[in-house]
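A.B. asks:
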Amino acid sequence: QRYDCGLPLHICAATDDAATVARRLNEIAQGRQRLWYVSYPHASPILKKYIASQLAEKAELISRETVGAVTVSLYHLPPGVTFQAPAQEFEADFGRQLALVDHVLLPPRVAYPGQIRLVLRWQALSPMAEDYTVFINLLDQEGRLRGAGGGGALLVNDAFFPTSAWSPGDVAEAEVRMS
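Under the working numbering, think of the first position of the sequence shown as 9, with each following residue one higher.
#1: Within 10 angstroms of the Cβ of SER187, are there 16 or more other Cβ atoms? Answer buried if so, exposed if not.
#2: Tell me the residue span of the beta strand (DSSP E) that contains SER71.
#3: Three-state secondary structure (DSSP) at THR79?
#4: Who are the Cβ neighbours of GLU73 in its own chain at under 7 Å, not counting the five residues just before and after it?
#5: Per DSSP, which residues does TYR45 bridge with? Please list them.
#6: From the DSSP output, in three-state form, read off ARG104 for me.
#7: Rounded C-beta distance between ALA26 and TYR58? I'm assuming under 8 Å.
#8: Please determine, among ALA37, PRO53 and VAL109, the residue with the shortest C-alpha to C-alpha distance to PRO194.
#9: Please go through the same chain and pick out, in chain order, the residues whose beta-carbon is closer than 8 Å to the beta-carbon of HIS111, but skip the five residues on each side of it.
#10: Hey, how far is the Cα of ASN34 from the Cα of ALA67?
#11: Report all residues from its chain with a CB closer than 7 Å to the CB of TYR11; omit the five preceding and five following residues, and keep chain order.
#12: By the three-class DSSP mapping on this structure, what secondary structure does PRO149 have?
#13: Pick helix, strand or coil for ARG117, following the three-state DSSP scheme.
#14: With distance defined between alpha-carbon atoms, name the residue in VAL46, ALA64 and GLU65 nearest to VAL75.
Below, the structure is given as structure tokens:
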């Protein structure tokens, strides 16, 4: 795909994992000295986390500009740069059926005063007979309940599917708000 200036355009899918991001960055970096990264506000925060960590570790930020809600960054790529994803470790495994793969705490927003927003990334490990939902309790250091939230829609390939319809390997993200 190309846009009007003729440079190659690579788009990452919301469900790409860290290994896929590293593989795509290696394809893009091959034979290049610079890389433009355009971050859109509606992109997966976990995907943005994967890309940002790879670029921060291996490339040099030359400039960054924000245009409206979009951030455009230019990176210098050292000769022969190779991107590698960290080994995947699940944050939690629920009966070898479902794994919590990653999470991102989102910055506060004026639109959601007093709320904590968390994005959770899940992966199906095996078929599930039941439909599961997400619910989180926020506890303080003494174990007292300080917040709760749940009901975040689980998306597979950007569409809602009950967990009983997931196939092994499917990835889903859910935003949970706690007050």
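Virtual Cβ for every residue (Gly too), placed ideally from N, Cα, C.
C.D. replies: Based on what the coordinates show:
#1: Counting from 1 along the sequence shown, the entry for residue 187 is found at position 179. SER187 is exposed by the Cβ-count criterion.
#2: Along the sequence shown, read from residue 1 onward, the residue named residue 71 stands at position 63. Note, SER71: beta strand (DSSP E), 68 to 75.
#3: As a position in the sequence shown, residue 79 is number 71, starting the count at 1. Note: THR79 maps to strand in three-state DSSP.
#4: One-based indexing of the sequence shown puts residue 73 at position 65. So the qualifying residues of the chain are VAL80.
#5: One-based indexing of the sequence shown puts residue 45 at position 37. In the DSSP secondary-structure assignment, TYR45 is bridged to SER81.
#6: Indexing the sequence shown from 1 puts residue 104 at position 96. If DSSP states are grouped into helix, strand and coil, ARG104 belongs with coil.
#7: As a first step, residue 26 is located in the sequence shown; it is residue number 18 there, counting from the start. As a first step, residue 58 is located in the sequence shown; it is residue number 50 there, counting from the start. ALA26 to TYR58, Cβ: 5 Å. Contact.
#8: The first residue shown for the chain is 9 and the last is 187, placing residue 194 beyond what the model contains.
#9: As a first step, residue 111 must be located in the sequence shown, where it is residue number 103. Excluding sequence neighbours, HIS111 sits near ILE54, GLU99, LEU126, VAL127, LEU128 and ARG129.
#10: Here residue 34 is taken as the residue at index 26 of the sequence shown, counted from 1. Here residue 67 is taken as the residue at index 59 of the sequence shown, counted from 1. When rounded, the distance between both Cα atoms is 12 Å.
#11: Along the sequence shown, read from residue 1 onward, the residue named residue 11 stands at position 3. Unreliable placement is indicated for TYR11, whose pLDDT of 47 sits below 50; no coordinate value is reported for it.
#12: Here residue 149 refers to the residue found at position 141 of the sequence shown. Here residue 149 turns out to be Gln, not Pro, going by the sequence shown. Here GLN149 carries a coil assignment [DSSP, helix/strand/coil].
#13: Residue numbering aside, residue 117 sits at position 109 when the sequence shown is read from its first letter. Three-state DSSP puts ARG117 in coil, outside helix and strand.
#14: Translated into positions along the sequence shown, residue 75 becomes position 67. Here the closest residue by C-alpha is VAL46.
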